[in-house]
């Protein structure tokens, strides 16, 4: 058998790292950051405990990598969805639908991102403030800017765009947790109704 090429070794390395990160995310969703142990991650990944330490010096480094990857993906989504030339209301509708459909199709990720934001101080320590500010700047500010666009174009009432965006996000979050807690999945007959009711309240209000 011929020795592996450097490219093959790198591919195996990346696969192993992803295997560890996937396992860490699963254990984290079940137990949270403080209660998660490296041994549990190794067991979930089906590898030796020492192999986890080969790639990560400790739990904090592992979770920093996991969180940074998740935050980067979230920032990329927000940029692709909101920093476009589409009409602002259309952008907001697609944005809301994405998160509602995520709650239906991948409910574990709802709890992952909720807990991630709360655990930034525990995971990043002295870097936590910088990470949190970057999160607000790249996740929440584009949403507020989109509300500002809608106000400038006379599509919605005027007001504090950041406040409006947080009220909007709060409505989406509440609906997401309701969907996940009720166990509403893709094949559930109530799925379409829950999503439509949420969209109606978000974009048409409560008054009849």
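Numbering (the UniProt record's numbering), first residue to last: 1 to 208. No residue lacks a Cβ here, since even glycine has one placed at the ideal position from N, Cα and C. Please read all numbers here as calculations on a predicted model, not as lab measurements.
Going by beta carbons, residue 57 and residue 38 fall outside the 8 Å limit.
Residue environment for residue 176: buried (at least 16 other C-beta atoms within 10 angstroms of its C-beta). Only residues of its own chain outside the window of five on either side were considered, and among them 120, 121 have a CB closer than 6 Å to the CB of residue 128, listed in chain order. Between residue 165 and residue 140, the beta carbon gap of about 7 Å places them in contact (Cβ cut-off 8 Å). With at least 16 other beta carbons inside 10 angstroms of its own, residue 96 counts as buried. For residue 47, the secondary structure class from DSSP, reduced to helix, strand or coil, is coil. Residue state for residue 140 is assigned as helix, using DSSP reduced to three classes.
Within 10 angstroms of the beta-carbon of residue 62 lie 16 or more other beta-carbons, which makes it buried. Separation of residue 4 and residue 24 (C-alpha to C-alpha, rounded to the nearest whole angstrom) is 28 Å. When rounded, the separation of the alpha-carbon atoms in residue 190 and residue 184 is 7 Å.
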